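Accompanying notes for the structure given below.
See the structure below:
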């Protein structure tokens, strides 16, 4: 019995040693990083009190001098038919909402662009070629480390809500 306890006690320090490639141990013990991911981005949520009218739409976003746009029509296509709106820049995504609902409940939920900083942002929404909404935005980006301090990844994000008529 004594021999078993001695071998167990001798092997414990090895079992608690840091694994190769792990972050260095903190003064109060070893640090373990999880593997939660994150992405940089600016998220704009569209809030609208009335339904989105049917017809063609163009949503143009200008970020620090770079212009990009998404185009499509409401009502949306069937959910299994793929997106109804196409964007001309792969870093921009327009959120579609309600494809499984009646056509009068279809709409645009917002947009996301993969950027880690932006100081000059403007948005234009056109319906049937006519100006429907404009906004000049000043996003505030915040840094996040979902796996804790000293662990990768480090991401920068900003989120804003736009009240549309």
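Residue numbers (the working numbering): 4 to 168. Don't be surprised by glycine CBs; every beta carbon is placed ideally from N, CA and C. All of these numbers come straight from a predicted model, not from anything done at the bench.
(request) Counting only the same chain and skipping the five closest in sequence on each side, list residues whose C-beta sits under 8 Å from that of residue 59. (result) Walking along the chain shown from the start, residue 59 turns up at place 56. Closer than 8 Å at Cβ, skipping near neighbours: 74, 75, 76, 130, 131 and 132.
(message) Which of the three DSSP states is assigned to residue 148 in this structure?
(response) As a working note, residue 148 is residue 145 in the chain shown. Looking at residue 148 - three-state DSSP - the assignment turns out to be coil, as it is neither helix nor strand.
(request) Taking residue 56 and residue 108 to be in contact with their CB atoms under 8 Å, please state how far apart those CB atoms are, rounded to whole angstroms. (result) Here residue 56 refers to the residue found at position 53 of the chain shown. Here residue 108 refers to the residue found at position 105 of the chain shown. Incorrect: roughly 12 Å between the Cβ atoms, too far for contact.
(request) From the DSSP output, in three-state form, read off residue 38 for me. (result) Locating residue 38 in the chain shown gives position 35, where the first residue counts as 1. Three-state result, residue 38: coil.
(message) Checking 7 Å against the spacing of the C-beta atoms, do residue 126 and residue 64 come in under that value?
(response) As a first step, residue 126 must be located in the chain shown, where it is residue number 123. As a first step, residue 64 must be located in the chain shown, where it is residue number 61. Residue 126 is a Cβ neighbour of residue 64, given a cutoff of 7 Å.
(message) Excluding the 5 residues flanking residue 114 on each side, which residues of the same chain have their C-beta closer than 6 Å to its C-beta?
(response) Indexing the chain shown from 1 puts residue 114 at position 111. Contacts found: 47 and 97.
(message) Given this structure, state the Cα-to-Cα distance separating residue 119 from residue 78, to the nearest angstrom.
(response) Taking the chain shown and counting its residues from 1, one reaches residue 119 at position 116. Taking the chain shown and counting its residues from 1, one reaches residue 78 at position 75. For residue 119 and residue 78, the gap between their C-alpha atoms comes out near 33 Å.
(message) Going by DSSP in three states, residue 82 sits in which element: helix, strand or coil?
(response) Along the chain shown, one-based indexing puts residue 82 at 79. Of the three classes helix, strand and coil, the one that applies to residue 82 here is helix, per DSSP.
(request) Compare the beta carbon distance of residue 94 and residue 112 with 7 Å and say whether it is the shorter of the two. (result) Position 91 of the chain shown holds residue 94. Position 109 of the chain shown holds residue 112. No.
(request) Assign residue 147 to one of two classes, buried (16 or more other C-beta atoms within 10 Å of its C-beta) or exposed (fewer than that). (result) In the chain shown, counting from the first residue as 1, residue 147 sits at position 144. For residue 147, the number of other beta carbons within 10 angstroms of its own is below 16, and it is reported as exposed.
(request) Determine the closest residue to residue 70 out of 161, 35, 121 and 160, with distance taken between C-alpha atoms. (result) Position 67 of the chain shown, counted from the first residue, corresponds to residue 70. Checking every option, the nearest Cα to that of residue 70 belongs to 121.
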